Amino acid sequence: MNLELALRMTEAAVRQAVREGVAISVAVVDEGGHLVSFQRMEGAGIAGPVLARGKAYTSVALRGSTAELAARTAPGGDLHGLPREGFVCVGGGVPLWADHGEGWRVVGGIGVSGGTVTQDVACAEAAAEVWRTR
Numbered sequence: 001m002n003l004e005l006a007l008r009m010t011e012a013a014v015r016q017a018v019r020e021g022v023a024i025s026v027a028v029v030d031e032g033g034h035l036v037s038f039q040r041m042e043g044a045g046i047a048g049p050v051l052a053r054g055k056a057y058t059s060v061a062l063r064g065s066t067a068e069l070a071a072r073t074a075p076g077g078d079l080h081g082l083p084r085e086g087f088v089c090v091g092g093g094v095p096l097w098a099d100h101g102e103g104w105r106v107v108g109g110i111g112v113s114g115g116t117v118t119q120d121v122a123c124a125e126a127a128a129e130v131w132r133t134r
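Counting from 1, one number per residue, gives the positions in the sequence shown under the working numbering.
Below, the structure written as structure tokens:
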């Protein structure tokens with residue numbers, strides 16, 4: 001993960017948000033969950049910056065899409081009871097995977113907040129596509 005690539009990913013998420021007609025916040029974090037790039041569109045909600053970063057962090061820490069984690073943290077799910085501090089298990093967080101010769105591992109994550117879950121996921125996937133085609 002580097003700044004130039006992270007910036008391209010946040011820009012892709014913003015372009016998708018414009019197509020979706022929604023104002024978002026988008027965060028890209030590295031493999032340690034540390035913020036690399038962040039953008040907040042004019043008019044985006046007040047909670048977006050915290051939620052976007054939380055979704056990105058959660059996708060890295062739990063190595064999964066936050067949309068999939070929502071069901072796993074519900075009563076009866078294998079992650080039910082997960083501490084809520086720092087984790088955001090609502091769609092819009094996507095982990096970034098890379099093969100380092102020793103197998104695939106998570107090297108970063110994207111988090112988007114500001115629209116519906118479907119819109120957040122679409123914007124995060126647009127950013128992830130930049131990673132996949134780098």
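Every residue gets a Cβ at the ideal spot worked out from N, C-alpha and C, and that includes glycine.
In this text the structure is predicted, and so the values were computed from the model without any measurement.
Which of helix, strand or coil DSSP assigns to residue i
i: R134; result: coil
Closest residue to residue i among the options (Cα-Cα distance)
i: R105; options: D30, E11, M9 and V14; result: D30
i: G33; options: L82, E68, L69 and P95; result: P95
i: D120; options: D99, R19 and L62; result: R19
i: L35; options: T10, G64 and R72; result: T10
i: E129; options: G103, W97 and G101; result: W97
i: G86; options: V60, D78 and R132; result: V60
i: V88; options: N2, R72, E4 and A17; result: R72
i: P83; options: R8, A12, L62 and L3; result: L62
7 Å CB neighbourhood of residue i in its chain, flanking five on each side removed
i: G43; result: A23
i: A74; result: H80
i: Q16; result: A122, C123 and A126
Own chain partners of residue i with C-beta closer than 8 Å, once the 5 adjacent residues on each side are dropped
i: A92; result: Reading the sequence as shown, one finds Gly at residue 92 and not Ala. These residues qualify, in order along the chain: L51, A52, K55, T66, A67, G111, V112, S113, V117, D120, V121, C123 and A124.
Chain-order list of residues whose beta-carbon lies under 6 Å from that of residue i (same chain, five-residue window excluded)
i: S137; result: Look at the range of the chain in this structure, 1 to 134, and you will see that residue 137 is not part of it.
i: G64; result: none
i: A6; result: V28, V36 and S37
- Message: When you compare the region 114 to 130 with the region 39 to 57, are there three or more beta-carbon pairs, one atom per stretch, that lie closer than 8 Å?
- Response: Contact between the region 114 to 130 and the region 39 to 57 is present, because at least three Cβ pairs lie under 8 Å.
- What beta strand (DSSP E) runs, 3 residues minimum, are completely inside the region 10 to 95? At a cut-off of 3 residues, the continuous stretches assigned as beta strand (DSSP E) that sit fully inside the region 10 to 95 are 25 to 30 and 35 to 40.
- Message: Runs of 3 residues minimum, wholly inside the region 94 to 122: which ones carry the beta strand (DSSP E) assignment?
- Response: Secondary structure within the region 94 to 122: the beta strand (DSSP E) runs of 3 or more consecutive residues, fully enclosed, are 104 to 113 (chain order).
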